[in-house]
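Residue 223, in the working numbering, is where the sequence shown stops; the numbers in between run on with no holes.
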Amino acid sequence: MLDLFADESPWQEPLAPGAVILRRRALATADALMQGIGQVAALSPFRQMVTPGGYTMSVAMTNCGSVGWTTDRHGYLYSAVDPQTAAHWPAMPDVFLVLARQCATEAGYPDFQPDACLINRYAPGAKLSLHQDKDEKTLTAPIVSVSLGLPAVFQFGGLRRNDPLQRVMLEHGDVVVWGGDSRLFYHGIQPLKEGYHSATGAFRFNLTFRHT
Ligand code: SIN
Ligand code: FE2
Numbered sequence: 012m013l014d015l016f017a018d019e020s021p022w023q024e025p026l027a028p029g030a031v032i033l034r035r036r037a038l039a040t041a042d043a044l045m046q047g048i049g050q051v052a053a054l055s056p057f058r059q060m061v062t063p064g065g066y067t068m069s070v071a072m073t074n075c076g077s078v079g080w081t082t083d084r085h086g087y088l089y090s091a092v093d094p095q096t097a098a099h100w101p102a103m104p105d106v107f108l109v110l111a112r113q114c115a116t117e118a119g120y121p122d123f124q125p126d127a128c129l130i131n132r133y134a135p136g137a138k139l140s141l142h143q144d145k146d147e148k149t150l151t152a153p154i155v156s157v158s159l160g161l162p163a164v165f166q167f168g169g170l171r172r173n174d175p176l177q178r179v180m181l182e183h184g185d186v187v188v189w190g191g192d193s194r195l196f197y198h199g200i201q202p203l204k205e206g207y208h209s210a211t212g213a214f215r216f217n218l219t220f221r222h223t
């Protein structure tokens with residue numbers, strides 16, 4: 012079959028100090044990543060978590076790896092057990108781990124050892140409000156974030172909530188890596204627009220790798 016993207020090789024775009032976008036870097040493994048998401052979700056289904064403030068998140072989430080990020084009425088935490096199944100989160104598929112480590116290295120963070128992968132699923136209208144990733148003990152490790160399916164507008168600010176925001180469109184196969192000086196920068200996803208993508212249908216998926 013003719014693949015229109017077959018000879019689109021990945022390229023890098025600097026985003027902020029310590030942060031870079033690896034455009035289309037996950038395109039070659041996108042099908043395998045989608046299979047991995049299916050396998051994880053068969054064991055630990057997507058669910059809309061409730062924040063400590065009582066707000067039901069519009070993004071549906073699951074996790075793989077030795078620990079997973081969860082929120083409930085009591086707070087945010089990393090736990091080895093999926094509270095919904097009472098079993099351990101599914102293991103991180105090899106294709107996830109290899110990609111995350113390669114991307115971190117290419118972005119200047121060798122020796123990244125992610126133990127958690129949060130999987131976000133956005134339906135049209137779903138968004139992620141401006142926040143910092145700060146529930147990890149190891150702030151020396153970067154965040155590696157992989158986008159699949161429908162495009163979304165990613166907001167990337169600074170250390171303070173009201174710092175000016177950059178807005179960049181993240182498309183199928185794009186990977187953002189942030190660490191170092193930007194590890195605690197505020198970021199978010201604007202409400203997803205309706206659409207159809209051949210790899211993901213009416214959704215956008217995001218994989219966020221962390222060393223907790
Ligand atoms: C996140 O901040 O956890 C996810 C960002 C994204 O969906 O691209
Ligand atoms: Fe985040």
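Where a beta carbon is used, it is the ideal one built from N, C-alpha and C, also for glycine.
All values derive from a computational prediction rather than experimental measurement.
- Cα atoms of Phe216 and Gly184: separation of roughly 10 Å, rounded to the nearest angstrom.
- Runs of the alpha helix (DSSP H) spanning 4 or more residues and lying entirely within the segment 70–152 occur at 105–117, in chain order.
- For Met180, the uninterrupted beta strand (DSSP E) segment begins and ends at 177–181.
- In chain order, Gly136, Lys138 place their CB closer than 6 Å to the CB of Pro202, counting only its own chain and leaving out the 5 sequence neighbours on each side.
- Pro25 is bridged by DSSP to Val31.
- Look at Ser55 here: in three-state DSSP terms it is coil, with no helix or strand label.
- The beta carbon of His208 is closer than 6 Å to those of Gly160, Leu161 in its chain, skipping five residues each way along the sequence.
- Between the segment 71–81 and the segment 112–123 there are fewer than three inter-stretch CB-CB distances shorter than 8 Å, so the stretches are not counted as touching.
- Of the heavy atoms belonging to ligand 2, none sits nearer than 8 Å to the Cβ of His85.
- By alpha-carbon distance to Trp22, the top candidate from Ala30, Pro28, Arg34 is Arg34.
- In the DSSP assignment, the residues bridged to His198 are His142, Phe167.
- Pairwise C-beta distances place the segment 33–48 in contact with the segment 156–175, as three or more of them are shorter than 8 Å.
- In this structure, ligand 1 has no non-hydrogen atom nearer than 8 Å to the beta-carbon of His222.
- The C-beta separation of Ser77 from Asp122 comes to about 17 Å, leaving the pair out of contact by the 8 Å criterion.
- By a beta-carbon distance limit of 8 Å, Trp189 contacts Ala30. Their separation comes to about 4 Å.
- Arg132 has its alpha-carbon roughly 17 Å from the corresponding atom of Gln166.
- Within the same chain, Thr73, Cys75, Pro101, Ile130 come within 7 Å of Val51 by CB-CB distance, once the 5 residues on both sides are set aside.
- Relative to the Cα of Gly206, the nearest Cα in the group Ala163, Arg172, Thr219 belongs to Ala163.
- Between Gln124 and Ala91, the gap from beta carbon to beta carbon reaches 9 Å or more.
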